[in-house]
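Peer 1:
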Amino acid sequence: MTPHLPALPRRRWPPPVALLLLAVAAMGGTLRDGWVQDDAPLIAGNPSVQSVSGLWSGFTEPYWPPPSPGGLYRPLARSAHSALWALGDGALWPFRVADLLLYAGLVLAVWGLAREFLPATPAWVAAALFAVHPVHVEAVAVAVNQGECVVGIAACVAAIAWRRWRFGRLRTAPALGGVAAALLVGLGFKETALVLPLLLALVELTDPAPAVPSRRRRWLALAALAALGAGW
């Protein structure tokens, strides 16, 4: 009689590791890039980024340095660029590594969001397709486009927190606090984060499953998030 052997615990690392490998295979070539597109005026030729004051000057100055009329308000993007410039003493490699790490984080965030809606295998396939899609090249290859990945991560985190709050798997304070923090961080990097409350509204309109918080409470929360974005 064959003795009964205890079942070995299932390892959970292969799916995320495989996604990270796909992300690196698809976008790792950007590590060889030089300064491209708006990298030159906004980082390589921007004294505001190259000074330690760049860590905070973006909160009181426009993102585009004078005499450019570009304007925009992206204080956390300025802070991140200054920190990376100081880390590499003006070298490019910290920016390229950060670009790739942010993209890898975004791929994992997309996977996490997909798992909220899909079974395990389709969720992984969705994230894998996202990881290798060529439309994301510009978001990774251009250092000043780091905000694209940050906003993407913020949107995924907010949607996950919102849906878990919706179904009673996350308490109100951490859920809505996390969503508001994701919105503010996203806005600090790029103004496209303003669409985040609209994305959550789409979750409300397209998910027919009954929710724990009342409908009125959920829509008041969305209105508050929209007001937070408008105030920014």
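Taken in order, the sequence shown gives residues 292 to 523; the numbers are from the numbering used here. Virtual Cβ for every residue (Gly too), placed ideally from N, Cα, C.
Comparing C-alpha positions only, which one of V435, P465, G477 and A464 sits nearest to C447?
Peer 2: The option with the nearest alpha carbon to C447 is G477.
Peer 1: Tell me which residues share the same chain as R455 and place their Cβ nearer than 6 Å to its Cβ, disregarding the 5 neighbours each side in the sequence.
Peer 2: Hits under 6 Å: L461.
Peer 1: Using the Cβ count rule (16 or more neighbours within 10 Å means buried), how would you classify E429?
Peer 2: Exposed is the call here.
Peer 1: May I ask which residues mark the beginning and end of the alpha helix (DSSP H) holding I451?
Peer 2: Run containing I451: Q437 to R457, per the alpha helix (DSSP H) assignment.
Peer 1: At which residues does the alpha helix (DSSP H) containing W402 begin and terminate?
Peer 2: Here the alpha helix (DSSP H) through W402 covers W384 to F408.
Peer 1: Taking the alpha-carbon positions, what's the G403 to V426 distance?
Peer 2: Rounded to the nearest angstrom, the two C-alpha atoms are 20 Å apart.
Peer 1: Thinking C-beta only, is Q328 closer than 8 Å to V441?
Peer 2: No, Cβ-Cβ distance for V441 and Q328 is not below 8 Å.
Peer 1: In angstroms with no decimal places, state the Cα-to-Cα distance between A395 and I451.
Peer 2: Going by the C-alpha atoms only, they are around 18 Å apart.
Peer 1: Roughly how many angstroms lie between the CA atoms of E495 and L322, to the nearest whole one?
Peer 2: Cα to Cα, the separation comes out at about 40 Å.
Peer 1: With distances taken between CB atoms, is the gap from A517 to P499 smaller than 8 Å?
Peer 2: No, Cβ-Cβ distance for A517 and P499 is not below 8 Å.
Peer 1: What is the residue span of the alpha helix (DSSP H) that P366 lies within?
Peer 2: P366 -> alpha helix (DSSP H) spans P366 to G379.
Peer 1: Which residues in the same chain as G362 place their Cβ atom closer than 8 Å to its Cβ, once the five residues preceding and following it in sequence are excluded?
Peer 2: So the qualifying residues of the chain are P353, Y354 and W355.
Peer 1: Return yes when the Cβ of Q341 is within less than 8 Å of the Cβ of D390, no when it is not.
Peer 2: Cβ distance not < 8 Å, so D390 and Q341 don't count as in contact.
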